[in-house]
Amino acid sequence: MKRTLLAGLMLISFSASADWVLIQPHAGSTLKSRESKKDEKLTLPQGPIEAGGKPARSIQLRGKVGRLVWKNPKGKSTQELYDSYAQELAKGGFKPLWACAGKECGSAMEVPLLGRVPSSAEAHYAIAQLVRREQGDAFAALQVAPAETTLLLIEVSATPEQNELAVREAVAAASKVTQPALADALARDGHVALGDILYKPGEVALRPEAASVVKQIAALLDKDSALKLYVVGHTDSQGEYAHNVALSKKRADWLLKELARQGVAKSRLKADGVGPLAPVAPNETDEGRSRNRRVELVKQ
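Residues in the sequence shown are numbered from 17 upward in steps of one, following the working numbering.
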């Protein structure tokens, strides 16, 4: 039995919950219901369920929950449907925590919003985790039953340790962005990237810990009066295309305005955003997506 677990996240507005909590259903499926809850507590099985309805291992979560239920297309086995959703939830970066089918799940237990797990001898259940730095991790709980498929997507708050780590990483990355380093990269490659770690997720401005980056770019332009730059924003391929292009352009525009405040003539800069159109790494992995989220300085 296949255990390829979970992938292919699609962004969509989901009121009162996350902006990313919808995946593409299997072809021919029909959406039965969709709901969201702002603050929900859940206990999800992460190991075989023992007699009496208690799992050998479980994970307790609290946070925003999105719930999606699809009516399954006729003529499709739960194995085929599970494989499809499994393949959908891995490209989005989810890592498997546990999966089972029918008797492999042990006994059965009631899970709020998910129902009886497993719901039948043919049902498949899986739980997976997406590590998201200071955004807080996300979890997916999936049950594929003969008649319908239910998916829970849970966002939990970031821990203080995650926030502190993100700050330390940003400080370390910003310290490497110096006028000499920028000049060397432009001379060698014709462009240089400001990495994703210098930004908070989804925000336009550089992090406060990376404020020195603007000054170093301004010093670069001050030292070379003939230098002109394109400022180009980039994103990964996750989410809606229009949203990604808009975010990438806003980041580029913000940097141009900040450089102008440092005394750089706007005539020496042109800003634009291309969203996911120019990746430098595959978008199928966490590392690749992180590399693709960047703002590049390009010699004109």
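By construction, the Cβ of each residue, glycine as well, lies at the ideal position given by its N, Cα and C atoms. Computed from a predicted model, the values in this text were never measured in an experiment.
| Check | Outcome |
| --- | --- |
| Quick check: the Cα distance between Val-127 and Ala-190, rounded to an integer number of angstroms? | 45 Å |
| Does the structure place the region 154 to 171 close enough to the region 202 to 212 that three or more beta carbon pairs sit under 8 Å? | no |
| Give me the residue from Ala-156, Leu-243, Ser-306 with the minimum Cα distance to Arg-78. | Ala-156 |
| Just to confirm before moving on: does the CB-CB distance between Val-296 and Ala-268 stay below 8 Å? | no |
| What does Ala-156 pair with, by DSSP beta-bridge criteria? | Ala-144, Leu-169 |
| Using CA atoms only, rank isn't needed, just tell me which of Asp-252, Glu-274, Leu-293 is closest to Ala-221. | Glu-274 |
| What is the DSSP secondary structure of Val-187, counted as helix, strand or coil? | helix |
| Check whether the region 238 to 246 touches the region 307 to 314, counting contact only when three or more Cβ pairs, one atom from each stretch, lie closer than 8 Å. | yes |
| Please return the same chain residues whose Cβ sits closer than 7 Å to the Cβ of Arg-184, not counting the five positions on each side in sequence. | none |
| To which residues of the same chain is Arg-307 closer than 7 Å at the C-beta, ignoring the five residues directly before and after it? | Val-296, Ala-297 |
| For Lys-80, is the classification buried or exposed, using 16 other Cβ atoms within 10 angstroms of its Cβ as the cut-off for buried? | buried |
| Taking the continuous beta strand (DSSP E) assigned at Lys-266, which residues delimit it? | Per DSSP, Lys-266 belongs to no beta strand (DSSP E); it is in the alpha helix (DSSP H), 257 to 277. |
| DSSP beta-bridge partners for Pro-61? | Ser-74 |
| Under the rule that 16 or more other beta-carbon atoms within 10 Å means buried, what is Val-133, buried or exposed? | buried |
| Quick one: is Pro-224 buried, meaning 16 or more other Cβ sit within 10 Å of its Cβ, or exposed? | exposed |
| Please state the DSSP three-state secondary structure of Val-37. | Note that Val-37 scores a pLDDT of 40, beneath 50, so its modelled location is shaky; the value from the coordinates is reported in the next line. Coil. |
| For Thr-94, which three-state DSSP category applies? | helix |
| What does the alpha-carbon distance come out to for the pair Pro-64 and Pro-112? | 15 Å |
| Is there a Cβ of chain D sitting closer than 8 Å to that of Ala-227, yes or no? | Absence of chain D from the displayed structure is noted, only one protein chain being present. |
| Under the rule that 16 or more other beta-carbon atoms within 10 Å means buried, what is Lys-265, buried or exposed? | buried |
| Would you list the one or two residues that DSSP bridges to Arg-132? | Glu-126 |
| Looking at the structure shown, is Ser-241 part of a helix, part of a strand, or coil, going by DSSP? | coil |
| Among the residues of its own chain, which have a CB less than 7 Å from the CB of Asp-252, if the five just before and after it don't count? | Pro-292, Asn-299, Arg-305, Asn-308, Arg-309 |
| Provide the residue(s) that pair with Cys-116 in DSSP beta bridges, ordered along the chain. | Tyr-141 |
| For Ala-199, which residues from the same chain have a beta carbon less than 8 Å from its beta carbon, with the 5 sequence-adjacent residues on both sides left out? | Leu-236, Lys-239, Asp-240 |
| What does a CB cutoff of less than 6 Å around Arg-284 pick up in its chain, not counting 5 residues either side in sequence? | Lys-244 |
| In whole angstroms, what separates the C-alpha of Gln-232 from that of Ala-203? | 16 Å |
| Arg-73: which of Lys-92, Ile-143, Ser-49, Ala-117 sits nearest, CA to CA? | Ile-143 |
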